[in-house]
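What follows is a single structure, written as structure tokens, with notes after it.
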Amino acid sequence: MAELPKVEALSEAEAAEELKRLAQVLAEADTAYHTHDAPEISDAEYDALKARNAEIEARFPHLKRADSPSEQVGAAPSEAFAKVTHAVRMMSLANAFDDEEITEFDARIRRYLGLADDAPLTYTAEPKIDGLSLSLRYEAGRLVQAATRGDGAMGENVTANARTIDDIPERLDDAPDVLEVRGEVYMSHADFEALNARQAEKADKQFANPRNAAAGSLRQLDPAITARRPLRFFAYAWGEVSAPLAESQMGAINRLSDMGFQTNPLTELCDGPAEMLAQYARIEQMRSELGYDIDGVVYKVDDLALQHRLGYRSTTPRWAIAHKFPAELAWTRLEAIDIQVGRTGALSPVARLHPVTVGGVVVSNATLHNEDYIAGRDAKGNPIRDGKDIRVDDWVQVYRAGDVIPKVADVDLSKRPEDAEPYQFPQTCPECGSEAIREEGDAVRRCTGGLICPAQAVEKLKHFVSRAAFDIEGLGAKQVEQFYRDGWIKEPADIFTLEDRFGSGMKQLKNREGWGEKSAKNLFQAIDKKRKIPFGRLLFALGIRHVGEQASLLIARFYGDWDEFLAAMDAAAECEGPEWERLLGIDGVGTVMARSLVTAFAQNEERASIDRLTAHLTVEAAARPRTEGSPVAGKTVVFTGTLEKMTRAEAKARAEALGAKVSGSVSAKTDLVVAGPGAGSKAKKAAELGVETIDEDGWLRLIGDA
Ligand code: IVH
């Protein structure tokens, strides 16, 4: 190839001319290669030209042509989705669901072959990939056709699309003259998530799972679309071959791997059912970490001569079986939709299902997320499940992955009863009747009943006694529910008057299920122990929306003292003014959290309830770090710009350890700004306010680290 001028040296006019030439040359090369099967330039040359084209386009994006080669993949498929008759039928696999069926599989094969029980018989065991099967026909080492399975006898021609898949070689070295390679097209979890995210951005269709995404991507009429979909391919079988690949299954797989195919690295040889089951268990254990979906393990007789003797039933080989994992998907009837009300008033729809086994567990409840999900929309109003809504009496698909709460994933419209009505999401709280509203930007509808709502009250109490909050021994979720039902505890403050009110009535308590005299006494002692409580824990225990455990500690450390904090909340009640700014200045506190916090303390009933509680408590000031001799103790410091000798997190931790308060924004209360290169508005504001500003080295000198 003649030396071409360097891309950096091209003028704009030369670049435009060169892009035009490349578009022409590459289009010709494509036609020669794909349509006439007669390549005119080498693969390396082709790749170099394509790379050059991309390089010029990157430098001059506005010159990119409508017929740019970077948007073309192969030639237009003249024969897309034409029917293809498979030279050798594409078989499917018999399924097994438990260990006995595997022992039986081995016994059956031995009987068929007349092998003694103790004669050696080796199998391969490999993951069953959850994608779609594809047959690739190579002639003289060149890919000439790719076809889907179809009905096994006849599939669809997807050659142009298959050519865009990186894992599928165009040419094979050292291959038989005719070779049909079979395997699975699939999409990795990461690529699937990214694809769905891109789709969402374009307000385009979401895929339900990686398998659907892979199938939808492979069966695109426009191969340019397939090319943008990150499909992968594992080879695990073959169809017509003009010369045998090897003498064993494993040998054949290794041969395919040598030819440039991806073969599954978890493929192992197993001597008999015990080893097969052990490999099954290993693969099942790795399942969640593989990064792609598998739905079982496939065992195959390793010796190809024996495979040949065993042959086929009508649609499945006798020499192989798929040992399926328990299904993680199942279809069942949606019997009812219940609404649960959470601690923050969130109305959460729960699917009551006709019990069904999903992934080996009986499931009768599943989450329906929120009202949009039921209606078939996501938070942005884009359709999910192709816009299908979910109705009571529908057949729904239940999905369970790992330990997560089962979800309702899909609905079968063909089974929808004629009289099924769209689900009306309640506009009032089913527990207290208060209005339930959706604030802008909130996917969730919430009960406005606050403390008068019994559901919210109980959930708040459960949270209050939870481990990271008050953590009162002997007073867990179950006991709280019981006390609430009996009217003994209605709000957190009631916990601390329990003994006064019912101590003499201990008899009443001890006669209750689960309570004896001793446990009642222990409970009162456990409650007494928590009359002294750290500020951070108390704040978290209040269960204010958006104010989690970490944030509570952060806020506690910032204000130090409970009364000082209360005064600050009062001063910030209107969500404006210097105290509001100061609150927002805490690194880690955003507007949403700040608003929620301030509102909780400004709301009369809620505040009265908090005050009733704290009347029984001694709130320990937040543990301030040891700060004797610290030059920055009690000072409010802001870091801005790039720090070069430490990370922002490190700087913050170090400053806090020295008793400084680290704030995210500059105000009149700021004592010191540490400005690195690139410091912008904060440094400017500091200058305007006359706040002392130093650089990173100055900071290190100040704290004695330089
Ligand atoms: S062997 C003649 N091996 O499972 C035997 N199939 O349920 C051909 N599959 O249609 C199949 N992983 O699409 C084989 N490692 C594997 C597989 C596998 C997935 C698919 C394949 C087949 C289906 C049968």
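Every position in the sequence shown, counted from 1, becomes a number in the working numbering once 5 is added. The beta-carbon is built from N, C-alpha and C at its ideal position, and this holds for glycine as well.
Pull up the distance between the alpha-carbon of A20 and that of A63, whole angstroms please.
Distance between the alpha carbons of A20 and A63: 11 Å.
Considering only C-alpha positions, which residue in the set D209, T231 and A158 is nearest to S319?
S319 has its Cα closest to that of A158, out of D209, T231 and A158.
Taking only three categories from DSSP, how would you classify Y489?
Here Y489 sits in helix by DSSP.
Mind checking E84: buried by the 16 CB within 10 Å criterion, or exposed?
Confidence in E84 is poor, its pLDDT being 48 and thus under 50, which makes the residue's placement too unreliable to answer from.
From which residue to which residue does the beta strand (DSSP E) around D276 run?
Run containing D276: E273 to D276, per the beta strand (DSSP E) assignment.
Taking the straight line between their C-alpha atoms, what separation do you get for G548 and R562?
Near 18 Å, if we compare the C-alpha coordinates of R562 and G548.
Of all residues in the structure, which have a C-beta closer than 5 Å to any heavy atom of the ligand IVH, taken in chain order?
The filter returns M96, S97, L98, E131, K133, I134, S138, E189, Y241, A242, V303 and P322, in chain order.
Return the residue from the list R216, Q150, F330 and G479 that minimises the CA-CA distance to V89.
Among R216, Q150, F330 and G479, the Cα nearest to that of V89 is on Q150.
Give a yes or no on whether the C-beta atoms belonging to T321 and A99 are separated by under 8 Å.
The answer is yes: Cβ separation under 8 Å.
Could you check whether the segment 696-705 touches the segment 604-615, counting it as contact only if at least three pairs of C-beta atoms, one from each stretch, sit closer than 8 Å?
Contact between the segment 696-705 and the segment 604-615 is absent, because fewer than three Cβ pairs lie under 8 Å.
Go through its chain and collect everything with a Cβ distance to A712's Cβ below 6 Å, but skip five positions before and after it.
Since the first residue of the chain shown is 6 and the last is 711, residue 712 is not available in this structure.
Once DSSP output is grouped into helix, strand and coil, what is the label at F507?
Note: F507 maps to helix in three-state DSSP.
Confirm, please, whether the CB-CB distance from V363 to R405 is below 8 Å.
Yes, these two residues count as a Cβ contact at 8 Å.
Could you tell me which uninterrupted alpha helix (DSSP H) segments, each at least 4 residues in length, are contained entirely in the segment 268-350, listed from first to last along the chain?
Runs found: 278-291 and 309-315.
Mind checking Q284: buried by the 16 CB within 10 Å criterion, or exposed?
Under this definition Q284 is a buried residue.
Applying the criterion that 16 or more other CB atoms from any shown protein chain within 10 Å of the CB defines a buried residue, is R536 buried or exposed?
Its Cβ having fewer than 16 others within 10 Å, R536 is exposed.
Should G407 go down as buried or exposed, given a rule of 16 or more other Cβ atoms within 10 Å for buried?
Caution applies to G407, whose pLDDT of 46 falls short of 50 and renders its modelled position unreliable; the value that the coordinates give is listed next. G407 comes out exposed.
Using DSSP's beta-bridge definition, name the partner residues of S670.
According to DSSP, which records beta bridges pairwise, S670 is partnered with nothing at all.
Just grab the DSSP bridge partners of T641 for me.
Per DSSP, K666.
Would you tell me roughly how many angstroms separate the C-alpha atoms of A56 and K11, rounded to the nearest one?
About 13 Å.
Using the C-alpha atoms, what's the distance from L618 back to F501?
Distance between the alpha carbons of F501 and L618 is about 8 Å.
Can you give me the start and stop residues for the beta strand (DSSP E) that R390 sits inside?
Per DSSP, R390 belongs to no beta strand (DSSP E) and is neither H nor E.
What residue does the beta strand (DSSP E) around A556 start on, and which one ends it?
First-last for A556: E554 to Y564, but that is the alpha helix (DSSP H), not the beta strand (DSSP E).
Pop quiz: A680 and T698 are said to be a contact at Cβ under 8 Å. What is the actual Cβ separation, rounded to whole angstroms?
Between T698 and A680 the Cβ distance is about 5 Å, and since that is below 8 Å, they are a contact.
Quick check on E464: does DSSP put it in helix, strand or coil?
Looking at E464 - three-state DSSP - the assignment turns out to be helix.
Identify, in the order they occur along the chain, each residue of the same chain with its Cβ nearer than 6 Å to the Cβ of A81, setting aside the five sequence neighbours on each side.
Bear in mind that a pLDDT of 41 at A81, under 50, signals an unreliable position, so the number given afterwards is only what the model happens to contain. So the list is empty, once near-sequence residues are dropped.
Cα separation between E60 and R187?
Taking the straight line from one Cα to the other gives about 36 Å.
Determine the contact status of V397 and T337, defining contact as a CB-CB distance below 8 Å.
In this structure, T337 does not lie closer than 8 Å to V397 by Cβ.
Let me confirm a value: L236 is counted as buried when at least 16 other C-beta atoms fall within 10 Å, else exposed. Which label applies?
Answer is buried; the Cβ neighbour count reaches 16.
Tell me whether N387, by its Cβ, gets closer than 7 Å to a heavy atom of the ligand PLP.
The ligand PLP is not part of the structure shown, which contains the ligand IVH as its ligands.
Between the segment 184-200 and the segment 293-312, can you find at least three pairs of beta-carbon atoms closer than 8 Å?
Because the criterion of three Cβ pairs below 8 Å is met, the segment 293-312 and the segment 184-200 touch.
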